[in-house]
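Sequence lines, in order, name chains A and B. The opening position of the first sequence corresponds to residue 1313 in the numbering used here, with each subsequent residue numbered one higher. The opening position of the second sequence corresponds to residue 147 in the numbering used here, with each subsequent residue numbered one higher. C-beta atoms are modelled at their ideal positions from N, C-alpha and C, and glycine is treated no differently. The model shown is predicted, which means the values in this text are computed figures rather than measured ones. Heads up: the structure comes next, in structure tokens.
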Amino acid sequence: MNNIFVYCELEDGLVGDVSLELLTKGRTLANQLNCQLEAVAIGSNLTGIEKQLFPYGVDVLHVADDSRLAPYTTLPHSSILIKLFQEEKPQIALMGATSVGRDLGPRVSSALHSGLTADCTALEIGSHEDKKAEKVYENLLYQIRPAFGGNIVATIINPDCRPQMATVREGVMKKEILDPNYTGTVHNLKVADYVSDTDFVVSVIERHMEASKINIKSSPIIVSGGYGVGSKDGFKLLFDLASVLGAEVGASRAAVDAGYADHARQIGQTGVTVRPKLYIACGISGQIQHIAGMQESSLIIAINNDPNAPINAIADYVITGDVETVIPKLIKYYKKNSK
Amino acid sequence: MSLHILVLAKQVPDTRNVGKDAMTPEGTVNRAALAAIFNPEDLNALEQALRLKDLHPGSTVTILTMGPFRAAEIVREALYRGADNGYVLSDRAFAGSDTLATSYALSCAIRNLPETDLIICGRQAIDGDTAQVGPQVAEKLGWSQVTYAEEIISVENGRIRVKRRIEKGVEVLDGKLPMVVTVNSSATNCRPRNAKRLMKYKYARIPNELQASNEDYMNLYSNRDFLNIGEWSVNDIVCEPQQLGLSGSPTKVKKIENVVFQSKESKTFTDADTDIEGLIQELISNHTIG
């Protein structure tokens, strides 16, 4: 009762990174609240799954193992979580802000009438005073998230309803093994008691990997490269930075014409016009045709070895240096400083 | 087989096109500088509905939105593009709703409709980005759901086939109607306004927008019923008032912090480690990244 639960995403018998990150965070919160950390694994062929989870400090692992439970579909996974949460009454329940967690979380929170905060960037424990009701709440989960297109950061609380539910994106929290020899107990659920046949009304008939279409226009962060990046290989660095920041990669016309990047990524007068929250221009001199397509970005960082590049005039931050030296450092220090 | 399709849509401030004047000097959001638009993914949802209508003659597409009276603007927009009719759910009692209270109010309003086979909505709205209302409406109605849809492939004999776009690839799901489908921005863009429909629905209004004093004008609405957009208040739906608005919302906002943008004065850094780390720390502390 009153423990912290983490729903674990599984793919081909492996626990997803996002879930391990949440377990790491969950362990810290459990220590602060002096309660236990419990994990839920729902899927098929899960024998031995605890070996992947216990090292992260899991005290109790609930396993629902049934061939019908993989791949993920909404209804059976929701039914299991809803009933399990009704029995175990967690105070906090965390899941990944992925196509699974963001499908499952709202369904479960609606059934339990508990609050859910999507895409949190930080989770903390704190108190809250309700002045109207003259009530003080201790040990609430502060669910901190950007809103309004990233223009504000809100702290959300659920004073009265339990569990306090939150989703967190992959890569936001740190993943850290607590103790390789940590052991907890495994609680095998009798699946038939938790799901009904009508839960299997939706079935997955096909799954395959497929790269998504490039959509730089709607990305809040764009890492963009110009001729100064030097080669197609040089663009790989940009993709690395983009994947760390959750950004898309754009390019100037010169870079596209040189074959460094796809035409779909071209930004500027003959490409697309973008207005991201953050635009990182790497090795882009700043021809007017390019600037026309990105000058309304909220924040511009220019990385260029020419201190007099025209792009510097419209940039908020100018880094004078080589792209291949600066980007690895950006990645390194982002990883070091992000939560 | 003709279908009764409901599209859920939201009018949102255009947070994607945040120009420099969207933030006041104090660093707060200048709402007046942000246009109110049709939530982009809801337009993708509308297109999926209109395509099904094209494929299944006799089908109807209804649009439902919850918000202030001015949200009737997006109902008109949907009519111009091919929807058949629409409703605005508006009442002070809904103020302060979180996603759960919103879903509850919407689900009560949906029960007002005589028949609905399929509900389609955008995956998420750009002002909150929560992606919660679709699945929560499905749960309140006791329907199944498919989220992150890129294409509704087919609807035949009460079964539906949907292509989902997820992190690493695509999934094709087969399910049974009724169902709630939430649509991604990777789906086909919505068709533009149709000129004939624009002429036809230009004066479509909810009762609250009508100028009751002008008799000729009011006659227009009694003679041409298609110009009347439905308007529902809390009295028009069967609901438990406790579940609405602030009292029906388990989540509360404790604190709002504005993200302050720097003034337009550029700072220069070298490629030294200390400089780069300082920059990253600054960007993280002002929530630009991270």
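Per the coordinates, the alpha-carbon of residue 1469(A) lies some 41 Å from the alpha-carbon of residue 356(B). Residue 1515(A) has 320(B) as its beta-bridge partners, per DSSP. Below the 9 Å Cβ cutoff, chain B contributes 399, 400, 401, 402, 403 as neighbours of residue 1466(A), in chain order. Taking a beta-carbon distance threshold of 8 Å, residue 1485(A) does not count as an interface residue toward chain B. Taking a cut-off of 8 Å on C-beta distances, the segment 305-319 of chain B does not touch the segment 201-210 of chain B, as fewer than three cross pairs fall below it.
Per the coordinates, the alpha-carbon of residue 182(B) lies some 39 Å from the alpha-carbon of residue 1450(A).
Across the segment 373-388 of chain B, no CB contact with chain A closer than 7 Å is found for any residue.
DSSP places residue 426(B) in the helix class (H, G or I) of the three-state scheme. At least one CB of chain B lies nearer than 8 Å to the CB of residue 1521(A). In this structure residue 265(B) is not in contact with residue 192(B), their Cβ atoms being roughly 12 Å apart against a cut-off of 8 Å. Taking 8 Å as the threshold, the shortest C-beta distance from residue 161(B) to chain A falls below it.
For residue 278(B), the chain A residues whose Cβ falls inside 7 Å of its Cβ are 1418, 1428, 1430, in order along the chain. Contact between the segment 418-429 of chain B and the segment 1629-1648 of chain A is present: 3 or more CB-CB pairs across the two stretches fall below 8 Å.
Interface flag for residue 1473(A) against chain B is set, since a Cβ pair is found closer than 8 Å. Collapsing the DSSP output to three states places residue 254(B) in a helix. Chain A has no Cβ within less than 8 Å of the Cβ of residue 157(B). The beta carbon of residue 213(B) sits no closer than 8 Å to any beta carbon of chain A. Of all residues in the segment 1617-1633 of chain A, only 1624, 1627, 1628, 1629, 1630, 1631, 1632, 1633 place a beta-carbon less than 7 Å from a beta-carbon of chain B. Closest in alpha carbon position to residue 1331(A), among 1614(A), 1366(A), 1639(A), is 1366(A). Residue 1363(A) holds the alpha-carbon nearest to the alpha-carbon of residue 1492(A) among 1420(A), 1482(A), 1363(A). Taking each of 1549(A), 1373(A), 1345(A) in turn and checking the Cα distance to residue 1494(A), the smallest one comes out for 1373(A).
Listed along chain B are 400, each with a C-beta nearer than 8 Å to that of residue 1454(A). For residue 1448(A), the enclosing beta strand (DSSP E) covers residues 1447-1459.
Within the segment 278-293 of chain B, contact with chain A at the beta-carbon level (separation under 9 Å) is assigned to 278, 279, 280, 281, 282, 283, 284, 285, 286, 290, 291, 292, 293.
The Cβ-Cβ distance between residue 1410(A) and residue 1482(A) falls below 8 Å.
As the crow flies, the alpha-carbon of residue 1555(A) is around 10 Å from that of residue 1535(A). Close CB contacts of residue 1413(A) within its chain, under the 8 Å cut and outside five residues either way in sequence, are with 1319, 1321, 1330, 1407, 1479 (chain order). Proximity of residue 199(B) to chain A, defined by a Cβ-Cβ separation below 8 Å, is not satisfied.
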